[in-house]
Structures are given as structure tokens and as C-alpha cells.
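*Asks:*
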Amino acid sequence: MSNGKAYTGFESWKYNLKMSLRMRLFILLALTAVYLGFIGAYILLKYHTEEIKILAKWTASAFWAHFLPKYPFNLVHEGEIFKVTAARYYEIFYEIGIEHINMLKTFAVKSLLVYLGYFPAIWFFKKKANEHSAEDFRRGTEILTPKQLNKLTKKEKCYLKIGEINMPVSAENKHCFIVGRPGTGKTVLTSALIEQIRARGDKAVIYDFKGDYVSRFYDPEKDLLFNPLDSRSVSWNIFADMHTPMDITSMTSSLIPELPHTSQPFFNLAAKDVLNGAFSYLYSTKRKSYAALWEVISKAPEELSEILKNTKGGTAGAIHIADPANKQTGSVMSTLHLYSKIFEYMQDSEKGFSIGDWIKNGSGILFISNYAELKETLRPILTVFIDTIARNLLAQPENTANRLFLMIDEFGTLQKMQKIIELLNLSRSKGGAVFLGIQDIGQIDNIYGKELRSSIINACGTNVIFGVNDPDTADFLSRKIGDREYKTPYSGFTVGSADERNALSLNKQRVKEPLMISSEIMQLPDLKCFVRFPNFSGSVTTLKPKSYMEVQPSFLMRPDLSLDNIFLECREILSELNLKARGGKGVAEIEKF
0 MSNGKAYTGF
10 ESWKYNLKMS
20 LRMRLFILLA
30 LTAVYLGFIG
40 AYILLKYHTE
50 EIKILAKWTA
60 SAFWAHFLPK
70 YPFNLVHEGE
80 IFKVTAARYY
90 EIFYEIGIEH
100 INMLKTFAVK
110 SLLVYLGYFP
120 AIWFFKKKAN
130 EHSAEDFRRG
140 TEILTPKQLN
150 KLTKKEKCYL
160 KIGEINMPVS
170 AENKHCFIVG
180 RPGTGKTVLT
190 SALIEQIRAR
200 GDKAVIYDFK
210 GDYVSRFYDP
220 EKDLLFNPLD
230 SRSVSWNIFA
240 DMHTPMDITS
250 MTSSLIPELP
260 HTSQPFFNLA
270 AKDVLNGAFS
280 YLYSTKRKSY
290 AALWEVISKA
300 PEELSEILKN
310 TKGGTAGAIH
320 IADPANKQTG
330 SVMSTLHLYS
340 KIFEYMQDSE
350 KGFSIGDWIK
360 NGSGILFISN
370 YAELKETLRP
380 ILTVFIDTIA
390 RNLLAQPENT
400 ANRLFLMIDE
410 FGTLQKMQKI
420 IELLNLSRSK
430 GGAVFLGIQD
440 IGQIDNIYGK
450 ELRSSIINAC
460 GTNVIFGVND
470 PDTADFLSRK
480 IGDREYKTPY
490 SGFTVGSADE
500 RNALSLNKQR
510 VKEPLMISSE
520 IMQLPDLKCF
530 VRFPNFSGSV
540 TTLKPKSYME
550 VQPSFLMRPD
560 LSLDNIFLEC
570 REILSELNLK
580 ARGGKGVAEI
590 EKF
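Going by numbering that gives the first Met the number 0, the residue at position 165 of the sequence shown is 164; the numbering climbs one at a time, nothing skipped.
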């Protein structure tokens with residue numbers, strides 16, 4: 000330690016001691032003044048002026064009687080003045096005087112209780128010091144405790160809970176964005192929400208990528224499940240939800256989406272035109288079955304092109320595959336089969352399931368399950384299915400009292416949803432409550448691009464943020480949470496050559512900083528999350544994990560299908576498309592699929 004630092008420490012210690020003694024002396028002097036004030040007030044209220052004069056004169060006679068007993072005193076009696084000694088004056092008024100002196104002593108002793116005010120005074124000054132050292136919030140957002148936030152939301156109806164925090168009903172249909180790395184607690188939160196939604200009796204759609212929610216909550220007696228490869232799945236009739244050419248275009252756009260990060264968007268666009276023509280052909284000829292659909296799109300390119308030429312809405316697709324010898328034709332057909340392979344396995348039923356009918360009259364929970372090993376095969380049809388739910392919900396009459404929860408965990412495992420922006424912006428008045436779960440914003444960027452990512456996240460009023468690993472995601476979330484502006488105290492100590500020149504300055508400076516910096520978000524412990532509802536400040540809560548029994552298998556393969564064959568066929572299509580892509584450029588595109 001340097002001599003300079005030791006000197007500074009000594010001066011600081013000496014100054015603090017001096018200020019502490021000064022404060023305590025000030026308190027004692029102030030209490031003494033109050034003490035003397037009490038005694039003075041007691042005398043003034045207890046005695047008349049003449050009595051005070053006599054008592055004072057008698058007290059003086061006691062002094063003189065002790066030192067100069069013959070000191071002369073004037074005694075007034077019945078208007079006459081007599082000269083008496085101090086000793087005699089003291090003797091004459093002794094009984095009266097000693098009585099009043101004793102009364103005054105008793106009051107004076109009792110008044111010493113005023114010095115107990117020393118301790119509240121010390122507490123008061125400490126409180127003032129703490130107030131000065133505390134940050135003075137000015138504007139922006141702030142972090143409340145769960146108890147403080149619950150006190151604010153108590154004015155509204157609350158049924159759902161996120162950890163320790165009550166979620167206002169008014170926030171439900173303003174949608175919710177949930178983000179966090181794997182293992183942080185998103186599944187714990189979603190499971191708790193599903194359990195609460197079930198208990199409340201609301202209708203819900205649950206997209207389950209990992210199978211956790213199906214295994215925990217699926218009840219065949221109350222619920223429905225959609226996964227074309229699962230033996231428990233409803234038999235969705237895609238044609239039952241096609242009513243106009245716009246419906247066909249919307250469905251084919253969901254099934255074969257545009258890829259945002261590609262230099263060759265042609266193959267997807269062309270394949271979509273071909274599929275759009277195939278649907279239009281089947282719709283116009285009333286051959287509304289999956290068997291007929293697979294038969295048509297499996298035809299040789301020249302045969303399919305001839306059919307599309309003569310179909311309203313099919314001419315654009317016919318052009319793309321008119322020349323079977325062209326490599327472009329082969330790539331378009333391979334892309335078509337890659338996205339539509341699932342139709343080969345979908346079953347037709349006389350009483351096919353209609354999403355539109357379920358939206359209007361259904362109940363319970365509709366589970367949409369994926370299967371990781373066949374996600375490439377399932378992803379297109381699952382995306383179309385959820386997009387069709389969105390389209391039908393948006394077609395419903397306005398009714399904010401209605402409630403349909405759409406909980407899409409692992410949002411990044413789906414293809415680009417054509418209706419996602421409309422769903423988030425317009426479904427509120429229909430009673431839609433969308434909960435989107437994601438691992439990092441890069442997953443959204445890869446599918447939708449940065450511009451649409453901002454629109455998606457900004458349309459979600461509630462944010463639930465767990466810990467993330469990606470620095471870019473953490474930076475984005477830090478900016479989204481927002482800044483706070485406050486005044487923070489700072490002190491300056493000046494050391495002079497003389498004690499009189501030592502000085503302590505106390506001030507506050509205005510500071511603006513992120514409410515949560517990116518490193519804070521990255522280091523959030525598992526099961527701990529930041530929660531903010533629309534029009535409220537945020538809070539940090541901790542989730543309590545719960546063990547659930549597995550009431551159903553997460554996936555039951557249909558007995559008429561072979562998992563190995565489906566997987567092999569899908570790989571063959573991918574390989575064929577890669578080989579036909581020009582210069583090998585198609586490989587990167589397929590890997591993105």
C-alpha cells in the first residue's frame with residue numbers, strides 16, 4: 000500500500016469520525032433544548048407570574064442563606080415592606096418552596112425521557128442517508144418483485160400464472176413471446192400453462208415438436224391429435240378447408256414457402272405453381288382425395304404439364320415442367336415431391352376432419368405433434384395445418400370474450416407461416432391468444448428474415464425471457480426490454496492541508512442504462528425468467544418444476560407404415576434434388592429444408 004493511499008484513508012477516517020461526533024453532539028444539544036423547553040413550559044403553565052417571582056426569590060434566598068445569611072431581603076406583607084435577612088426569608092417560605100421544588104424535580108426527572116429521542120434521531124439520519132444513496136427512478140422501465148407486480152395486476156382478472164406472477168386476462172389475447180436456450184424452462188412453463196388452460200376449460204391448439212405435451216396431457220376422450228403418421232391422428236381432409244382459389248394459393252404457399260436466404264428461389268416458386276395447378280385441377284374435377292392428389296403429382300412431367308395446360312390456375316405450373324429433357328424440370332419435380340411427399344401417406348376418410356368446423360364448434364385441445372426423425376417429411380403439412388387454423392380463426396366474427404390458445408413451442412421447427420403476421424395482428428378481436436416459443440432469434444431470421452422477425456416479436460405484448468447462449472439474441476432482448484433512466488448518488492471528498500479545508504460533497508447524476516444488459520440475460524439461471532405484460536413493468540420470477548406422469552405415448556406409428564421406408568424415401572428425394580441442382584448449389588438449399 001502506498002503512503003498516499005494510507006494518508007487518504009486516514010484523512011477520510013478522521014473526517015468521518017469528526018462528522019459522526021458533530022451529528023451526535025447536534026442531536027444532544029437539540030434534545031437538551033427540547034428538555035429545557037418542556038421545563039420552561041411546565042413552569043409557565045403551572046404558576047402565575049407572582050408565584051414564579053416568589054419561587055425564584057425563595058430559591059435565591061436559599062443561596063444567600065448559605066453564604067451570607069444576613070443578606071437583606073424585602074418581604075411584602077399586606078402592602079407593607081419589611082426588611083428581613085436571607086436566612087429568615089428562606090425559613091418563612093421553606094414549606095411552600097420545598098413543595099414546589101420537589102414537584103419541579105419530579106417533572107424534570109420524568110422529562111429526561113426526551114433523551115430517548117436520540118435513537119430515533121440516529122435512525123432518521125440513517126434513513127436520510129439511505130434515501131440519498133438510493134437510486135432515484137425517473138422514467139423508462141423497471142424491475143418489480145413478483146409481489147409488487149401481482150399487487151398491480153390485482154385490479155384485473157387473472158387466471159393464468161407464469162411462475163409466481165399472475166397474468167392479466169387482458170394480456171392473453173395480446174400474445175406472448177417466449178425465448179430461451181434448451182433446458183432453461185420453456186417446457187416447464189408451457190406444461191404449467193396447458194394444465195391451467197385445461198382446468199379453465201378453454202379451447203387450445205398445441206404444437207408439440209418433442210412429444211412432451213402429448214405424453215403428458217393428451218386425453219383421447221376429450222382431445223384430438225393431428226400427425227398423419229400417428230395411428231391416433233384425425234383424418235384431415237385438406238379439401239374440406241379449400242373453398243376459393245385464394246385458399247388453394249394460401250395452402251400451397253404454406254406447403255412450399257419462399258426461402259428468404261437463397262440466391263435461387265426459382266425451384267420453390269415453380270414447384271408451388273405446379274402444386275397450385277394440381278389442386279386446382281382436382282378441385283375443378285371434384286376428385287378431392289389424397290390418393291388422387293398423389294396420383295396427379297406423381298405423373299411424368301410431360302403428362303402433368305398437359306393436364307395443367309388445360310386447367311384454370313394451372314398454366315403457370317405447366318410452363319415450368321413442359322420440357323422433360325430440361326434439368327430444370329427435374330429439379331422442379333424433385334422440389335415438388337420433397338414438400339408434398341407426406342400426401343402419399345395421408346389417409347382419406349368419408350368423414351374427414353375439417354379445421355373450419357372445429358374452430359366453430361370444437362372443444363378441448365387439438366394437439367399437433369411432430370416427430371424429430373421425420374421432421375422434414377412432416378414439417379410442410381404441419382405448417383399448412385397451423386396456417387389453416389389461423390386462416391379460419393381470422394374468418395370468425397369478432398368476440399374478445401372467446402378464447403382459443405395457439406401454443407407453438409419450438410416455432411423455428413416449422414416452415415414459414417403465411418398467416419403468422421395477420422394472426423398476431425388481427426386475431427385479438429377473435430379471441431386468439433398466441434404463445435410463440437423459440438430458442439434464439441436466429442431461428443426466426445432463417446425462416447422469415449429480419450424485417451418480419453421484428454414484426455412477429457413486436458406483435459407479442461407479453462415477453463417471457465429465459466437465459467440464452469447467442470450474444471446477438473441477448474443484445475436484441477436487452478434492447479427490447481428497454482432502458483431505465485434514474486439519478487444515482489455520488490460523493491466527492493476533498494482533503495486539504497488543514498482540517499477546515501476537508502469537505503464532502505453529495506450530489507446525484509442522471510444515468511441511462513439498459514434494464515438488463517446482454518450478459519445478464521445470458522447468465523440467467525435455469526427456471527428463472529424475466530416477464531413483462533403490456534402496460535406493466537417487468538419482473539423476474541422462478542418456475543417450480545413439476546413431475547408429470549406419461550399418460551400417452553408421444554408417438555404411435557400407424558401399423559400400415561414403415562418408419563425406415565419413409566425416412567429412406569425422403570433421403571432419396573433429397574439426394575436426387577441435390578444431383579440435379581446446377582453446379583451443386585442446391586445442396587445448401589436442401590440442407591436448410
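Just so you know, even glycine gets a beta-carbon here, dropped at the ideal spot from N, CA and C.
So, for residue 9: in the same chain, excluding its five sequence neighbours on each side, which residues have a beta-carbon less than 7 Å away from its beta-carbon?
*Replies:* Residue mapping note: residue 9 aligns to position 10 of the sequence shown, counting from 1. Result list for residue 9: empty, nothing under 7 Å.
*Asks:* Does the count of Cβ pairs from the segment 341 to 349 and the segment 306 to 324 closer than 8 Å reach three?
*Replies:* Touching, no.
*Asks:* Using a Cβ distance threshold of 8 Å, determine whether the segment 452 to 460 contacts the segment 510 to 524, with at least three qualifying pairs required.
*Replies:* Not touching, per the Cβ criterion.
*Asks:* Between 193, 352, 244, which has its C-alpha nearest residue 288's C-alpha?
*Replies:* Position 289 of the sequence shown, counting from 1, holds the residue named residue 288. For the residues 193, 352, 244, the minimum Cα distance to residue 288 belongs to 352.
*Asks:* What's the call for residue 22, buried or exposed, on a 16-neighbour Cβ count within 10 Å?
*Replies:* For the purposes of this step, residue 22 is taken as the residue at position 23 of the sequence shown. Looking at its Cβ environment, which holds fewer than 16 other Cβ atoms inside 10 Å, residue 22 is exposed.
*Asks:* How would you write the range of the beta strand (DSSP E) that residue 207 sits in, first residue to last?
*Replies:* Along the sequence shown, read from residue 1 onward, the residue named residue 207 stands at position 208. Residues 202 to 207.
*Asks:* From which residue to which residue does the alpha helix (DSSP H) around residue 402 run?
*Replies:* If you number the sequence shown from 1, residue 402 lands on position 403. It is not in any alpha helix (DSSP H) - residue 402 carries neither H nor E in the DSSP assignment.
*Asks:* Starting from residue 249 and walking both ways along the alpha helix (DSSP H), at which residues does that stretch end?
*Replies:* For this step, residue 249 is matched to residue 250 along the sequence shown. Taken as a continuous stretch (DSSP letters only), the alpha helix (DSSP H) holding residue 249 covers 244 to 254.
*Asks:* Out of 479, 385, 152, 417, point me to the one whose CA is closest to residue 357's CA.
*Replies:* Indexing the sequence shown from 1 puts residue 357 at position 358. Closest option to residue 357, Cα to Cα, is 385.
*Asks:* Could you check whether residue 422 and residue 433 sit closer than 8 Å to each other, using their CB atoms as the reference points?
*Replies:* The residue labelled residue 433 in the question sits at position 434 within the sequence shown. The residue labelled residue 422 in the question sits at position 423 within the sequence shown. Yes, the pair counts as a contact, with Cβ atoms nearer than the cut-off.
*Asks:* Can you tell me the Cβ-Cβ gap for residue 214 and residue 552, rounded? I've got them flagged as a contact below 8 Å.
*Replies:* Here residue 214 is taken as the residue at index 215 of the sequence shown, counted from 1. Here residue 552 is taken as the residue at index 553 of the sequence shown, counted from 1. Sure, about 7 Å apart at Cβ, within 8 Å.
*Asks:* Restricting to Cα atoms, I'd like to know which of 69, 473, 125, 362 is closest to residue 220.
*Replies:* In the sequence shown, residue 220 corresponds to position 221, counting from 1. Measuring from the Cα of residue 220, the nearest candidate turns out to be 362.
*Asks:* Between which two residues does the alpha helix (DSSP H) containing residue 521 stretch?
*Replies:* The residue given as residue 521 occupies position 522 in the sequence shown. It spans 517 to 521 - the alpha helix (DSSP H) in which residue 521 sits, taken as one unbroken run.
*Asks:* DSSP three-state label for residue 14, please.
*Replies:* Position 15 of the sequence shown, counted from the first residue, corresponds to residue 14. The answer is helix: DSSP assigns residue 14 an H, G or I state.
*Asks:* Could you give the C-beta distance for residue 208 and residue 468, rounded to a whole number, given that I count them as a contact under 8 Å?
*Replies:* In the sequence shown, counting from the first residue as 1, residue 208 sits at position 209. In the sequence shown, counting from the first residue as 1, residue 468 sits at position 469. Actually they are not in contact, since the Cβ atoms of residue 208 and residue 468 sit about 19 Å apart, beyond 8 Å.
*Asks:* Quick one: residues in its chain with C-beta nearer than 6 Å to the C-beta of residue 183, no 5 flanking neighbours on either side, listed in chain order?
*Replies:* The residue you call residue 183 lines up with position 184 of the sequence shown. Counting only Cβ-Cβ distances below 6 Å, and skipping sequence neighbours, we find 465, 466, 525.
*Asks:* Hey, how far is the Cα of residue 613 from the Cα of residue 24?
*Replies:* The question about residue 613 has no answer here: the residues shown for the chain are numbered 0 through 592.
*Asks:* For the alpha helix (DSSP H) that residue 480 lies in, which residues bound it at each end?
*Replies:* Position 481 of the sequence shown, counting from 1, holds the residue named residue 480. Looking at the DSSP string, the run of the alpha helix (DSSP H) that includes residue 480 is 470 to 480.
*Asks:* For residue 379, does the count of other Cβ atoms within 10 angstroms reach 16, so buried, or fall short, so exposed?
*Replies:* Position 380 of the sequence shown holds residue 379. Buried, since its Cβ has 16 or more Cβ neighbours within 10 Å.
*Asks:* Per DSSP, which one or two residues make a beta bridge with residue 167?
*Replies:* Against the sequence shown, residue 167 aligns to sequence position 168. Paired residues: 157.
*Asks:* Between the C-alpha atoms of residue 470 and residue 530, what's the straight-line distance to the nearest angstrom?
*Replies:* Taking the sequence shown and counting its residues from 1, one reaches residue 470 at position 471. Taking the sequence shown and counting its residues from 1, one reaches residue 530 at position 531. Using only the alpha carbons, I get a separation of about 20 Å.
*Asks:* Quick check: what's the CA-CA separation for residue 124 versus residue 26?
*Replies:* Sequence index remark: in the sequence shown, residue 124 carries index 125 (1-based). Sequence index remark: in the sequence shown, residue 26 carries index 27 (1-based). Their backbone Cα atoms lie some 10 Å apart in a straight line.
*Asks:* Count the other CB atoms, across all protein chains shown, that sit within 10 Å of the CB of residue 75; report buried if there are 16 or more and exposed otherwise.
*Replies:* Taking the first residue of the sequence shown as position 1, residue 75 is located at position 76. Its Cβ having fewer than 16 others within 10 Å, residue 75 is exposed.
*Asks:* Grab me the residues of residue 427's own chain with a C-beta within less than 6 Å of its C-beta, minus the 5 sequence neighbours each way, in chain order.
*Replies:* Here residue 427 refers to the residue found at position 428 of the sequence shown. Only 172 meet the Cβ criterion.
*Asks:* Since residue 472 contacts residue 440 with CB under 8 Å, what's their CB separation in whole angstroms?
*Replies:* What you label residue 472 is simply residue 473 of the sequence shown in a count that begins at 1. What you label residue 440 is simply residue 441 of the sequence shown in a count that begins at 1. Going by Cβ atoms, the distance from residue 472 to residue 440 rounds to 5 Å, so yes, they are a contact pair.
*Asks:* Between residue 167 and residue 155, how many whole angstroms is the CB-CB distance? I'm expecting something under 8 Å.
*Replies:* As a working mapping, residue 167 is identified with position 168 in the sequence shown. As a working mapping, residue 155 is identified with position 156 in the sequence shown. Yes, they are in contact, since the Cβ atoms of residue 167 and residue 155 sit about 4 Å apart, within 8 Å.
*Asks:* In whole angstroms, what is the alpha-carbon distance linking residue 425 and residue 174?
*Replies:* Against the sequence shown, residue 425 aligns to sequence position 426. Against the sequence shown, residue 174 aligns to sequence position 175. Rounded to the nearest angstrom, the two C-alpha atoms are 11 Å apart.
*Asks:* Buried or exposed for residue 418, please, with buried defined as at least 16 other CB atoms from any protein chain shown within 10 angstroms of its CB.
*Replies:* Indexing the sequence shown from 1 puts residue 418 at position 419. The residue is buried, with at least 16 neighbouring Cβ atoms inside 10 Å.
*Asks:* What would DSSP say about residue 581, mapped onto helix, strand or coil?
*Replies:* Taking the sequence shown and counting its residues from 1, one reaches residue 581 at position 582. Here residue 581 scores only 47 on pLDDT, less than 50, and its place in the model should not be relied on; the value that follows carries that caveat. Here residue 581 sits in helix by DSSP.
*Asks:* Give, in chain order, every unbroken run of the beta strand (DSSP E) that is at least 3 residues long and sits entirely within the segment 33 to 91.
*Replies:* Listed in chain order, they are 71 to 76, 79 to 84.
*Asks:* From residue 429 to residue 449, what distance separates their C-alpha atoms?
*Replies:* As a working note, residue 429 is residue 430 in the sequence shown. As a working note, residue 449 is residue 450 in the sequence shown. The straight-line gap from Cα to Cα measures roughly 28 Å.
*Asks:* So is residue 99 buried or exposed if we call it buried at 16+ other beta carbons inside 10 Å?
*Replies:* Start at 1 with the first residue of the sequence shown, and residue 99 comes out as number 100. The residue in question, residue 99, is buried, as its Cβ has 16 or more Cβ neighbours within 10 Å.
*Asks:* Quick one: measure Cβ to Cβ for residue 560 and residue 228, integer angstroms, because I've assumed they're closer than 8 Å.
*Replies:* Translated into the one-based positions of the sequence shown, residue 560 becomes position 561. Translated into the one-based positions of the sequence shown, residue 228 becomes position 229. 6 Å between Cβ atoms; contact.
*Asks:* Write down the C-beta distance between residue 392 and residue 431 rounded to the nearest angstrom, noting that I regard them as a contact closer than 8 Å.
*Replies:* Numbered from 1 along the sequence shown, position 393 holds the residue referred to as residue 392. Numbered from 1 along the sequence shown, position 432 holds the residue referred to as residue 431. That belief holds up - the Cβ atoms of residue 392 and residue 431 are roughly 5 Å apart, short of 8 Å.
*Asks:* Sorted by chain position, which residues of the same chain lie with C-beta nearer than 6 Å to residue 593's C-beta, five sequence neighbours on each side aside?
*Replies:* Residue 593 is absent from the model: the chain starts at 0 and stops at 592.
*Asks:* Identify, in the order they occur along the chain, each residue of the same chain with its Cβ nearer than 8 Å to the Cβ of residue 334, setting aside the five sequence neighbours on each side.
*Replies:* One-based indexing of the sequence shown puts residue 334 at position 335. Once the five neighbours on either side are set aside, the close Cβ partners of residue 334 are 255, 266, 267, 269, 270, 576.
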